[in-house]
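A short worksheet on the structure shown next.
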Amino acid sequence: MSVEVHQTRLLIFKGIKLTSRLGKRKVKMTQKSNYQYLQDLNNKLLMILKW
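For what it's worth, our numbering labels the leading residue of the sequence shown as 280, then goes sequentially.
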């Protein structure tokens, strides 16, 4: 695994932590969109890793 991918993963992991922290405050309103956002991130990460 290259360094760039590793850094990207760390950034995404931090982003997910942040999102889930914020998400807990507004769970009812944004649970669906948060989930969608994480799904998009995962899809992008998979595309990066496939290269």
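Heads up, the beta-carbon is just placed ideally off N, CA and C, and yes, glycines get one too.
When the Cα of residue i is compared with those of the options, which residue comes out closest?
i	options	result
lysine 323	Ser281, Thr298, Thr287	Thr287
tyrosine 314	Glu283, Val282, Gly294	Gly294
leucine 317	Lys329, Ile327, Lys296, His285	Lys296
Quick one: grab the DSSP three-state call for residue i.
i	result
serine 281	coil
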